[in-house]
Amino acid sequence: MISRVAGNCFWLNRYVERAGSMARLLRVNRAFVPGVDLPHLHRWHPMIVVAGEEEQYLRRFGEDENGETIQEYLTWDSRNTTSVVESVRWARENARTAREIVSSEMWETLNSLWHWLQGGPGRRLYRSDRDHFYQHIRAMGELFHGQADETMLNGEPLAFMRLGRYLERAGQTARLMDVHYHTFPDEGAIDDPIRLAQWSALLACCSATEPFQKRSFGTPTAREVVGFLLFEADLPRSVSHCLRAARHSLVQVRGYGSNRIGMASTALLEALLSHIAMREGQTIFGVELHDELTYLVDSLTDLCATIEQEFFQSTELQAQLLREELSAAAQQ
Amino acid sequence: MPVQTEQAIGLGGDPTLLDRYVPLARTYDELFRADGTPRDDVAGLVAELDQLGRTEFTTRQKLAEGALFRGGVTFSVYSDSRGQEKIFPFDLIPRVIPAATWEVIERGLIQRVTALNMFLTDLYDGQRILKEGRVPEEVALGASGYLKELHGIRPREGVFVNIAGIDLIRGSNGEFLVLEDNLRTPSGVSYVLENRGVMKRVLPGVFRRSRIRNVESYPAHLGDALMSVSPRDPGQSRVVLLTPGPYNSAYFEHSFLARQMGCELVQGSDLFVHDLQVYVKTTTGPRRVDVIYRRIDDDFLDPLVFREDSALGVPGLVGAYAAGNVTLANAPGNGVADNKAVYPFVPDMIRFYLDEEPILGQVETYVCARPADRQHVLENLKDMVVKAVDGCGGYGMLFGPRASRREIAEFDAKIRGNPEGYIAQPVVELSTCPTWVEGEAAPRRVDLRPFVLTGTRSWVLPGGLTRVALKAGSYVVNSSQGGGSKDTWVLEGSVS
């Protein structure tokens, strides 16, 4: 398929995934914060940090750590490229640009989500029943991904969509987990009840509460939760599962043609998979966990940049491939 | 057949739709005679619409708008993603054309497009028509769309105009006249197809009981026409649609047609030229391109030949075209044939190349470059429509009867200063069609853009885009200036 359009498919799904993740995170934190006794700074500030928006936020709002300001910023602010509204906007722009590839069902879901956010209904629900508001965004994201799987041909465009979806999700799960570190930056008893309460909340963020209970009886321990979110191969939002699903899509994409395109991306992804396999079974906490999660997020950023270079912005590589092809044909 | 009394009340005692409709005086109405009774061919349809009643009709009109909005069938004039998107206003009352009338239009359009293709072939080659004095040399070679760089290049099968949109209007006597030819990148066909889809969904009963020719085969015909002019074996050929990108106002249409034809939609940066061949960058490496249905203007096609600053085009594209390695549809250089200064000579082209009389008339036109014409125009400006020869979209024109004294003086000076730049036409009382405005069916002026596809032969889409001026008394149907659209129903031939 057209390189640029493959990029649209990849980014379309990344943005939808990103919007859904942000909605999940904000919703769960709203449920978590009132029930626990936390220093004011540690209630909403971590959301800003894991969104990568600390610097921008401080510049605009200074010390204002009011939950309302932060939610407004992460949900609606058009100057914040990671806000829910911006993610939906860019998802829709990518879908509109690749409209001939995206199924009508997916397009209508995304278009109605966009108009819902832009018009009165979304704003009204945000004011009257915010829980329901975030729930709606998350559900539309799930509907969208389901429609991708159910209404697209199982071909290259879908493979790029899934590649984007899973790489973004792996990174988002890592970011979500890092909320814990930013909420409890000091060393302390890891199975302290407040800390466990947050781990439960983070499980809920990843739709992992019920799956976790099916695998682990009794009171959860932090060790079990961390292991579950990082390594559980059967959990749709675990880092390990997402990376494997991404590998599946990358293999599928490369199966369509030239061996040359995708070599570097594959090497990076395989390295990351080996790294995860090596870490599996180890107990990781505190700063070490924070470092591990940072490593994962950074590696995923590198991988996505390489995919961009190899598959979507490939002008030089294309010219080189053509020259080789033509000279091979001339020699025959 | 007059409307019967029992039909004057719709379902549930709701007032009917059209019983109070009054056509404009001295104006042809598409559905009603001057005395307010429906025309014979549409009496059944009028009765059907009446039976729906106003409330039901309004509900369905809203359904239609909702469907178009949700589907993203929106129109935005170079807005960014933050801009308001609006649907191209759609009116549910269809415009109907009887089979016998359509048969004449169809023949007339094919005749006209055939002659225009022959004119372009001749103009970019031997220029016989100039040598024999049937079209003045200074008019043709001085027209803004004439590209001397392309002289001597003959497109595949001699077809310059693969896709034509010929605008027709209907004067007060009901005769169809050609208002202008669009031979470069005519747009609007996606609305024809989308409007039809919505119409079938929201008025299924009315639609089913009328016998209407289908428009859904347009993309397949377009695909066939493009493939038939490929430089390579059609089995191996790759057709792409080249768009200026998602911020173009017609992007929806580009995307729609690519999807319907099953071809790829590309931007200039997706293509490159190597050794006079065009390639598209794909995820599996470069692939050769044979036919480009391009929806970007000539000026922007190739920065090596035309505008250097064009980021929309493909460097080397015109070279590949000149070498015969890629088909551009429409061919570059067509602008000369739909230039308003050349338009007055089209009937003569038909006589010259085909030795036939034109089947479709056109609007009487005064060429301001001619002293006698100019004199007449300047003396009668308040009764004239004056158009800049390279203007389009209803911009840069004077509509005499509605112009202020200052505007008239302004055009007087413009014409005296640059007579070659203007033509003028008498005001044509465009026909009207009942249109739903503010809860009432009111007469609004319409035009019609049928589409003609030409590959190895020509085909006319039965129907076309009916544009309607939504403002009372307005003659301007352009979508950029508050126009809307209607579904156009070409009726099947009668069975008897």
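Taken in sequence, the protein lines are chains A and B.
If you read the first sequence in our numbering, its first letter stands for residue 1, the second for the next number, and so on.
If you read the second sequence in our numbering, its first letter stands for residue 1001, the second for the next number, and so on.
The C-beta atom is built at its ideal place from N, Cα and C for all residues, glycine as well.
Next item on the list: Work out the CA separation of glutamine 332 of chain A and leucine 326 of chain A for me, nearest whole Å.
Entry: In the first sequence, counting from the first residue as 1, residue 326 of chain A sits at position 326. In the first sequence, counting from the first residue as 1, residue 332 of chain A sits at position 332. Computed Cα separation, rounded: 10 Å.
Item checked: Outcome for serine 128 of chain A when other beta-carbon atoms lying within 10 angstroms are tallied against a minimum of 16 -> Sequence index remark: in the first sequence, residue 128 of chain A carries index 128 (1-based). With fewer than 16 other Cβ atoms within 10 Å, it is exposed.
Check: Comparing alpha-carbon positions, which option in B/Asp1355, B/Ile1105 and B/Gly1174 lies nearest arginine 1039 of chain B?
Finding: The sequence position of residue 1039 of chain B within the second sequence is 39, counting from 1. Comparing Cα positions, the closest option is B/Gly1174.
Next item on the list: For asparagine 1339 of chain B, count neighbouring C-beta atoms within 10 Å of its own C-beta (all shown protein chains included) and say buried if the count is 16 or more, exposed if not.
Entry: Sequence index remark: in the second sequence, residue 1339 of chain B carries index 339 (1-based). Asparagine 1339 of chain B is buried by the Cβ-count criterion.
Note to self: Given this structure, state the Cα-to-Cα distance separating glycine 171 of chain A from glycine 164 of chain A, to the nearest angstrom.
What the structure shows: Numbered from its first residue, the first sequence carries residue 171 of chain A at position 171. Numbered from its first residue, the first sequence carries residue 164 of chain A at position 164. Rounded to the nearest angstrom, the two C-alpha atoms are 11 Å apart.
Checklist line | Own chain residues within Cβ distance below 8 Å of arginine 1082 of chain B, not counting five before or after | finding: Position 82 of the second sequence holds residue 1082 of chain B. Legend: pLDDT at arginine 1082 of chain B = 48, less than 50; position of this residue unreliable, no value from coordinates given.
Check: Just reading off the alpha helix (DSSP H) that histidine 1254 of chain B is part of, what are its end residues?
Finding: As a first step, residue 1254 of chain B must be located in the second sequence, where it is residue number 254. 1251–1261 is the extent of the alpha helix (DSSP H) around histidine 1254 of chain B.
Item checked: Alpha-carbon to alpha-carbon, glutamine 198 of chain A and alanine 174 of chain A -> Within the first sequence, residue 174 of chain A is the residue found at index 174, counting from 1. Within the first sequence, residue 198 of chain A is the residue found at index 198, counting from 1. So the alpha carbons of these two residues sit roughly 15 Å apart.
Next item on the list: Below 8 Å CB to CB, which residues in the same chain sit around phenylalanine 1057 of chain B once its five sequence neighbours on both sides are set aside?
Entry: Position 57 of the second sequence, counted from the start, is the residue given in the question as residue 1057 of chain B. These residues qualify, in order along the chain: Leu1017, Leu1049, Leu1092 and Trp1436.
Note to self: Given a cut-off of 7 Å on the beta-carbon distance, is the pair arginine 1213 of chain B and proline 1462 of chain B in contact?
What the structure shows: Taking the second sequence and counting its residues from 1, the one referred to as residue 1213 of chain B is at position 213. Taking the second sequence and counting its residues from 1, the one referred to as residue 1462 of chain B is at position 462. Result yes, Cβ atoms of arginine 1213 of chain B and proline 1462 of chain B sit closer than 7 Å.
Notebook entry, point to check: How about serine 1255 of chain B: is its C-beta nearer than 7 Å to some C-beta of chain A?
Noted result: Sequence index remark: in the second sequence, residue 1255 of chain B carries index 255 (1-based). Yes, contact with chain A.
Item checked: Of the listed residues B/Gly1316, B/Ala1322, B/Arg1295 and B/Pro1286, nearest to glutamate 316 of chain A (C-alpha basis) -> Along the first sequence, one-based indexing puts residue 316 of chain A at 316. Closest by alpha carbon: B/Pro1286.
Notebook entry, point to check: According to a CB-to-CB cut-off of less than 8 Å, which residues of the stretch 1266–1289 of chain B neighbour chain A?
Noted result: Val1266, Gln1267, Ser1269, Asp1270, Phe1272, His1274, Asp1275, Tyr1279, Val1280, Lys1281, Thr1282, Thr1283, Thr1284, Gly1285 and Pro1286
Next item on the list: Evaluate the contact criterion for the stretch 14–33 of chain A versus the stretch 125–142 of chain A: three or more CB pairs, one atom per stretch, below 8 Å.
Entry: yes
Notebook entry, point to check: If glutamate 1357 of chain B and glycine 1171 of chain B are in contact, beta carbons under 8 Å, what's the gap, nearest whole angstrom?
Noted result: Here residue 1357 of chain B is taken as the residue at index 357 of the second sequence, counted from 1. Here residue 1171 of chain B is taken as the residue at index 171 of the second sequence, counted from 1. Not quite, the Cβ-Cβ distance comes to about 19 Å (not below 8 Å), so this is no contact.
Item checked: Identity of the residues DSSP links to methionine 177 of chain A by a beta bridge -> Here residue 177 of chain A is taken as the residue at index 177 of the first sequence, counted from 1. Paired residue(s): none; methionine 177 of chain A is not in a bridge.
Next item on the list: Would you list, in sequence order, the uninterrupted beta strand (DSSP E) runs of no fewer than 3 residues that lie entirely inside the stretch 1328–1368 of chain B?
Entry: none
Notebook entry, point to check: CB threonine 1121 of chain B to CB glycine 1158 of chain B, shorter than 7 Å?
Noted result: Looking up residue 1121 of chain B in the second sequence gives position 121. Looking up residue 1158 of chain B in the second sequence gives position 158. The answer is yes: Cβ separation under 7 Å.
Check: Using 8 Å as the Cβ pair cut-off and three pairs as the minimum, do the stretch 1148–1162 of chain B and the stretch 1451–1458 of chain B touch?
Finding: yes
Note to self: Taking its Cβ as the centre, do 16 or more other Cβ atoms sit within 10 Å of alanine 95 of chain A, making it buried, or is it exposed?
What the structure shows: Start at 1 with the first residue of the first sequence, and residue 95 of chain A comes out as number 95. Label assigned to alanine 95 of chain A: buried.
Note to self: So that I know if they touch, is there some Cβ in chain A lying closer than 7 Å to that of tyrosine 1078 of chain B?
What the structure shows: As a working note, residue 1078 of chain B is residue 78 in the second sequence. Its pLDDT being 43, under 50, tyrosine 1078 of chain B is placed unreliably by the model, and the measurement read from it follows with that caveat. Output row for tyrosine 1078 of chain B: interface = no.
Check: In chain order, what residues of the same chain have a beta carbon less than 7 Å from the beta carbon of aspartate 1487 of chain B, not counting five sequence neighbours either side?
Finding: Taking the first residue of the second sequence as position 1, residue 1487 of chain B is located at position 487. Around aspartate 1487 of chain B: Pro1094, Asn1195, Arg1196 and Met1199.
Notebook entry, point to check: Should the stretch 1220–1236 of chain B be regarded as contacting the stretch 1100–1116 of chain B, the criterion being three or more beta carbon pairs within less than 8 Å?
Noted result: They do not touch, by the three-pair rule.
Note to self: Taking 7 Å as the threshold (beta carbon to beta carbon), is methionine 1258 of chain B in contact with chain A?
What the structure shows: As a first step, residue 1258 of chain B is located in the second sequence; it is residue number 258 there, counting from the start. Going by the sequence as given, residue 1258 of chain B is alanine instead of methionine. Alanine 1258 of chain B counts as touching chain A.
Note to self: When you compare the CB positions of glutamine 1362 of chain B and leucine 1123 of chain B, do they come within less than 7 Å of one another, or not?
What the structure shows: The sequence position of residue 1362 of chain B within the second sequence is 362, counting from 1. The sequence position of residue 1123 of chain B within the second sequence is 123, counting from 1. No, Cβ-Cβ distance for glutamine 1362 of chain B and leucine 1123 of chain B is not below 7 Å.
Next item on the list: Please confirm if serine 1081 of chain B has its CB atom under 7 Å from at least one CB of chain A.
Entry: As a working mapping, residue 1081 of chain B is identified with position 81 in the second sequence. Because the pLDDT at serine 1081 of chain B is just 47, under 50, the model does not fix this residue reliably, and the point stays unresolved.
Checklist line | Members of the stretch 1105–1133 of chain B near chain A, C-beta cut-off 8 Å | finding: none
Next item on the list: Name, in chain order, the residues that DSSP records as bridge partners for serine 1458 of chain B.
Entry: Taking the first residue of the second sequence as 1, we reach residue 1458 of chain B at position 458. DSSP, once it has assigned bridges, lists B/Thr1454 as partnering serine 1458 of chain B.
Next item on the list: Find out if the Cβ-Cβ distance for the pair isoleucine 1423 of chain B, valine 1367 of chain B is shorter than 7 Å.
Entry: Walking along the second sequence from the start, residue 1423 of chain B turns up at place 423. Walking along the second sequence from the start, residue 1367 of chain B turns up at place 367. Cβ distance < 7 Å, so isoleucine 1423 of chain B and valine 1367 of chain B count as in contact.
Item checked: glutamate 1264 of chain B: contacting residues in chain A (beta-carbon distance under 7 Å) -> As a position in the second sequence, residue 1264 of chain B is number 264, starting the count at 1. Within chain A, the residues near glutamate 1264 of chain B are Ile2.
Item checked: Against chain B: residues of the stretch 91–107 of chain A by CB proximity under 7 Å -> Glu93, Arg96, Thr97, Arg99, Glu100 and Trp107
Notebook entry, point to check: In the structure shown, what three-state DSSP assignment does methionine 951 of chain B receive?
Noted result: Because chain B here runs from 1001 to 1496, residue 951 of chain B falls outside it and cannot be looked at.
Check: Taking only beta-carbon atoms, is glycine 1053 of chain B less than 7 Å away from chain A?
Finding: Walking along the second sequence from the start, residue 1053 of chain B turns up at place 53. Glycine 1053 of chain B does not count as touching chain A.
Next item on the list: Could you check how far apart the C-beta atoms of leucine 1312 of chain B and proline 1244 of chain B are, in whole angstroms? I think they sit under 8 Å.
Entry: On the second sequence, position 312 is the one that residue 1312 of chain B refers to. On the second sequence, position 244 is the one that residue 1244 of chain B refers to. That belief holds up - the Cβ atoms of leucine 1312 of chain B and proline 1244 of chain B are roughly 5 Å apart, short of 8 Å.
Item checked: 7 Å Cβ cut-off: residues of chain A touching arginine 1070 of chain B -> Position 70 of the second sequence, counting from 1, holds the residue named residue 1070 of chain B. Simply Glu108, Asn111 and Ser112.
Next item on the list: Pull up the distance between the alpha-carbon of valine 5 of chain A and that of alanine 98 of chain A, whole angstroms please.
Entry: Position 5 of the first sequence, counted from the first residue, corresponds to residue 5 of chain A. Position 98 of the first sequence, counted from the first residue, corresponds to residue 98 of chain A. C-alpha separation (whole angstroms): 6 Å.
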